[in-house]
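Accompanying notes for the structure given below.
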Amino acid sequence: MRRIKVGTRQSALAMTQSGQTLDTLKRLADEAKLPLDFEVVPIVTRGDRILDVTLSKVGGKGLFVKEIEEALLGGEIDIAIHSMKDMPFELPSGLAIGCVPPREDPRDALVNLTSSTLSDLPPGARIGTSSLRRAAQLQSRRPDFRIESLRGNIDTRLRKLESEGLDAIVLAAAGLKRMGWNDRITAFIDPEDCLPAVGQGALAVECRASDQEVLDLLARLNDTAAARAVAAERTFLGLLNGGCQVPIGAYATAASAAPDAVVSMTGMVAAADGSSVLKASASGSDPAEVGRRVAEELLGKGADALLAEARE
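Residue numbers for the sequence shown follow UniProt numbering, so the first one is 1 and each next one is one higher.
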């Protein structure tokens, strides 16, 4: 029996979502009568170690995946489970995204202690987030908001809502739902008001491109609609050379699980202070082409200048 070693970050959320994914993989392996066993290998990444600086100022890409990918390339693990939004567009040579499981809720969630929506929050409300994307879109909607840097794991951020006297914090709804903390969500933020990060709510299950046995197993878990939507978003990300250092958002959906179903996507690039927010949309049956069209339309509107300014 082959033992499949599965690498993931050691945070509570990463371990939880990896455990949920592994439960499904075990069931699929049993149904196919594949002689496989699984072992979780927690790995600390650079992004986990740097907690006193906002991600936008740390620099570099793959802050939460590089060490895990190195373990994959070195044969220390056989599968890596990542949050898709942590994945740079370009993968290291020799690695592949083996599957995209069904996507969780892609929206951002507002969390506060007063049951207030964004519109209800008082003038000058202090909002906790470490995301340039969220900060820019929130300040575009409410310039009076005071954005406070908020780093740490999901449970740490929830504690800081009270300990630091914030009026609200904004988190990915997917993380709260996977942890079973739906009751902490005060309100979901519609993508029309705050476009999610590329790949938000989706997982990437990565493996060595040469490991056919693992690739065959992961193909059983792949969700075609989610994978095609994420492909459009990631093409957009790659063409704009995006990452957590710049205010970029995108959200795509596939009309069905059919391999030629129409994919519709909206993308966004903003000034860091929210003074300018550019959006574009496109639809088509080729996800990469949809992502390219949205990126090119935004570049035509001046997105390159906003991105250059954000990187300074």
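Each residue gets a CB set at the ideal place from its N, CA and C atoms; glycine is no exception.
Taking only the alpha-carbon atoms, compute the straight-line gap between residue i and residue j and give it to the nearest angstrom.
i, j, result
"Glu76", "Arg134", "36 angstroms"
"Ala197", "Leu72", "25 angstroms"
"Glu289", "Ala232", "7 angstroms"
"Ile97", "Pro122", "44 angstroms"
"Glu167", "Leu95", "Reading the sequence as shown, one finds Asp at residue 167 and not Glu. Rounded to whole angstroms, Asp167 to Leu95 spans 43 angstroms at the Cα level."
"Leu176", "Ile169", "12 angstroms"
"residue 327", "Ala254", "With the chain covering only 1 through 312, there is no way to say anything about residue 327."
"Ala2", "Ala202", "Per the sequence shown, the amino acid found at residue 2 is Arg instead of Ala. One C-alpha to the other measures close to 27 angstroms."
"Met84", "Arg208", "17 angstroms"
"Arg293", "Val246", "20 angstroms"
"Ala219", "Glu312", "41 angstroms"
"Thr114", "Thr235", "39 angstroms"
"Glu162", "Lys66", "33 angstroms"
"Pro92", "Arg49", "22 angstroms"
With a threshold of 6 angstroms on Cβ separation, who are the neighbours of residue i within its own chain once the five nearest residues in sequence on each side are excluded?
i, result
"Lys5", "Glu39, Val41, Ile77 and Asp78"
"Val277", "Ser140 and Ala270"
"Leu215", "Gly98"
"Gln200", "Lys85, Pro106 and Ala172"
"Arg46", "Leu63"
"Leu36", "Arg2, Ile4 and Ala29"
"Leu34", "none"
Looking only at its own chain, which residues have a Cβ that is under 7 angstroms from the Cβ of residue i, when we skip the five neighbours before and after it?
i, result
"Lys26", "Phe38"
Using a Cβ-Cβ cut-off of 8 angstroms (strictly less than) and excluding sequence neighbours within five positions of residue i, which residues of its own chain qualify?
i, result
"Ala257", "Asp223, Thr224 and Ala225"
"Arg193", "For the record, residue 193 in the displayed sequence is Asp; it is not Arg. Here the set comprises Leu118, Gln137 and Arg141."
"Glu309", "Ala271 and Ala272"
Could you tell me which residues DSSP pairs with residue i in its beta bridges?
i, result
"Gly7", "Val41 and Ala80"
"Ile97", "Glu206"
"Arg2", "Leu36"
At the 8 angstroms Cβ level, is residue i part of the contact set with chain B, yes or no?
i, result
"Leu34", "Absent here is chain B; the protein component of the structure consists of one chain."
Could you pull out every unbroken beta strand (DSSP E) segment of at least 3 residues lying fully inside the segment 165-199, listed in chain order? With a minimum length of 3 residues, the continuous beta strand (DSSP E) runs that stay inside the segment 165-199 are 168-172 and 187-189.
Go through the UniProt domain "Porphobilinogen deaminase C-terminal" (228-299) residue by residue and report every complete run of the beta strand (DSSP E) that reaches 3 residues or more, in order. Counting only runs of at least 3 residues, the UniProt domain "Porphobilinogen deaminase C-terminal" (228-299) fully encloses the following beta strand (DSSP E) elements, listed from N- to C-terminal order: 248-254, 263-270 and 277-284.
What are the start and end residues of each continuous alpha helix (DSSP H) run of 4 or more residues lying completely inside the segment 103-165, in chain order? Counting whole runs of 4 or more residues, the segment 103-165 contains the alpha helix (DSSP H) stretches 132-141 and 154-163.
Between the segment 151-160 and the segment 11-19, are three or more C-beta pairs nearer than 8 angstroms? At 8 angstroms Cβ cutoff, the stretches touch.
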